[in-house]
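Structure record follows, encoded as structure tokens.
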Amino acid sequence: MDYSGPNYIAQEQQEEFEYFLLGHMNIEEEISFNKRLEKEPLLKSQFKEFKTLFLTVEEQALRMKLDEFHDNFEKRSKSKKSNFTIYRIAAGIAVLLSLGLWFLNRPNQNERLFLEYFSPDPGLPTVMGNNDNYPFYEAMVDYKEGNYDVAIKKWRGLLVSKPNNDTLNYFLGVAHLANDDSKSAIPYLEKIDVSESFFGKDAKHYLGLAHLKSGDIEKAKALLEKDSEVIKSLD
Amino acid sequence: MQNENHLTTAFKRNDQKVMQQVYQNMFPRFRNHVLNNSGDEAQAKDVFQEAFIACWRNIKEDKLTFNSNVEAYLFSIAKNKWIDFLRSSRFKKTVNTESFSHLSIVAEESDKSEEKESQLEVIQKALNQLKDNCRALLQLFYFERKSMDEISKEMNLTPATARNQKYRCMEKLRALSIEIKKNGL
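In the order they appear, the protein sequences are chains A and B. Sequential numbering of the first sequence, starting at 355, is according to the working numbering. Sequential numbering of the second sequence, starting at 219, is according to the working numbering.
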């Protein structure tokens, strides 16, 4: 170690320079230090030299850190990309699925025919003040208003005590059909005796249409009127 | 300094988390700029890192006004460095190695900055010649700015030893720099 000449800086002096450069001095200390630098040229040149060394140590460390930052950045964007890829694949699958579902769900020919020829039974006239069958006619009002779910629920409640009632079975069948539920309609309509019941003919007709909607062409043909427009379209 | 914004203060303290965040925020933008302006990924990285260091140094020397947006400042330094690079002989050489006529048109760097550059290079060389644990110790104190306790534990030294070693390492660095400058190593 060279203890002579202007290059020598004592440990305490070096530590004072560090203290200043690390920002540990308060305002008064800084002012006092700067004043001394102005007064003592040797101190000033020693400080300038030390400062350059200090800053270079810092800068070299930063350079190494920047490479680290860059590596971390690349790792992050790679994982973001692969996440993004996963999202893109998932989105692609979702699109394919919905296309498939649309394809499967789009009205087939039978459904289209059904829609063309089906019109809901207009229902029975609702006469207010008829106390005996008030719950039935209350549901009939719901049915006529298009609230098929409500009507169905109410009529099913009544069916419990009158399971073979034609009117209830018929309108339950027709209400389900109007509610786009041909499968549920079929058992109710099948209960109607075609020849005996007041609703017989209509029940047969709606049963035919219900089978058509469900895709059961043979059953539909058997039930629907031979020279009706529907049959002609099916053939 | 109460009015300094958060980023400026963080840069002055060498706050790595903050600097990393700024790096990750700004690099993609600059990379796109370079890719759209005759450059490639590697060049974008190099120029960006030089700009980052320049920005960091200017902040330390209080060249940034306290209200300034550090990220915008970094980006503008980087863009200017990219322009300089495009105009430089180094870039032109890679573009067209056959014709040398346009090399003379390139502006000369000022003498002052060259002098500063070489002084920096000298100390960098000296740093590389220091023993690994010396360099690590100095970086822990001056860049990472860890406490004496933390550093002692990390380097497996007593605080007094760490303190003394720091002094000796800095003296060694200084002596090496003088030697390199004198002998042009």
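Heads up, the beta-carbon is just placed ideally off N, CA and C, and yes, glycines get one too. If you're wondering where the values come from, they're calculated on a predicted model, not measured in any experiment.
The beta-carbon of residue 530 of chain A is placed no less than 8 Å from the nearest beta-carbon of chain B.
Going by DSSP, residue 536 of chain A is part of the alpha helix (DSSP H) stretching over 536-544. Apart from the 5 residues on each side of it in sequence, residue 387 of chain B sits with its Cβ closer than 7 Å to the Cβ of 348, 352, 355 and 356 in its chain, given in chain order. If the five residues before and after residue 268 of chain B are omitted, its C-beta is found closer than 7 Å to the C-beta atoms of 299, all from its own chain and listed in chain order. When the five nearest sequence neighbours on each side are left out, the beta carbons in the same chain lying within less than 8 Å of the beta carbon of residue 292 of chain B are those of 240, 244, 269, 270 and 273, in order along the chain. DSSP, read as helix, strand or coil, puts residue 227 of chain B in helix.
Per DSSP, residue 548 of chain A lies in no alpha helix (DSSP H) segment and is marked neither H nor E. Burial state of residue 455 of chain A is exposed, judged by a 10 Å Cβ sphere holding fewer than 16 other Cβ atoms.
At a Cβ-Cβ threshold of 8 Å, residue 277 of chain B and residue 407 of chain A do not count as neighbours. Buried is the label assigned to residue 532 of chain A, since at least 16 other Cβ atoms lie within 10 Å of its Cβ. Put simply, the backbone Cα of residue 478 of chain A is about 7 Å away from that of residue 494 of chain A. One thing to note: residue 587 of chain A has its Cβ within 8 Å of the Cβ of residue 467 of chain A. Using a CB distance below 9 Å, the part of the segment 405-417 of chain A facing chain B consists of 406, 407, 408, 409, 410, 411, 412, 413, 414, 415, 416 and 417, ordered along the chain. Taking a C-beta distance under 8 Å as the contact criterion, residue 564 of chain A and residue 578 of chain A do not qualify as a contact pair.
Just so you know, the alpha carbons of residue 296 of chain B and residue 388 of chain A end up roughly 34 Å apart. Here the C-alpha atom of residue 227 of chain B lies approximately 53 Å from the C-alpha atom of residue 452 of chain A.
Residue contact check for residue 537 of chain A against chain B: no CB pair falls below 8 Å. C-alpha of residue 501 of chain A to C-alpha of residue 488 of chain A: approximately 17 Å in a straight line.
With a beta-carbon spacing of about 7 Å, residue 229 of chain B and residue 288 of chain B fall inside the 8 Å limit used to define contacts. When Cβ-Cβ separations below 8 Å define contact, residue 434 of chain A makes no contact with chain B.
Annotation: residue 514 of chain A is outside any alpha helix (DSSP H) and is labelled neither H nor E by DSSP. Annotated three-state conformation of residue 241 of chain B is helix, per DSSP. Counting only the Cα atoms, residue 463 of chain A lies some 12 Å from residue 584 of chain A.
Not a single CB atom of chain A sits nearer than 8 Å to the CB of residue 398 of chain B. Nearest C-alpha to residue 364 of chain B among B/336, B/223 and B/231: B/231.
Between the alpha carbons of residue 238 of chain B and residue 423 of chain A lies a gap of roughly 6 Å. It is roughly 35 Å from the alpha-carbon of residue 569 of chain A to the alpha-carbon of residue 443 of chain A. Inter-residue distance for residue 259 of chain B and residue 250 of chain B is about 9 Å (C-alpha atoms, whole angstroms).
Here residue 271 of chain B carries a helix assignment [DSSP, helix/strand/coil].
Inter-residue distance for residue 538 of chain A and residue 530 of chain A is about 6 Å (C-alpha atoms, whole angstroms).
Looking from the CA of residue 368 of chain A, the closest CA among A/379, A/385, A/526 and A/400 belongs to A/400. Contact with chain A is found for residue 242 of chain B, since one of that chain's Cβ atoms lies less than 8 Å from the residue's Cβ. At a C-beta separation below 7 Å, residue 419 of chain A has these neighbours in chain B: 234. DSSP places residue 303 of chain B in the helix class (H, G or I) of the three-state scheme.
Judged by DSSP in its simplified three-state form, residue 379 of chain B adopts helix. Taken through DSSP and simplified to helix, strand or coil, residue 524 of chain A comes out as helix.
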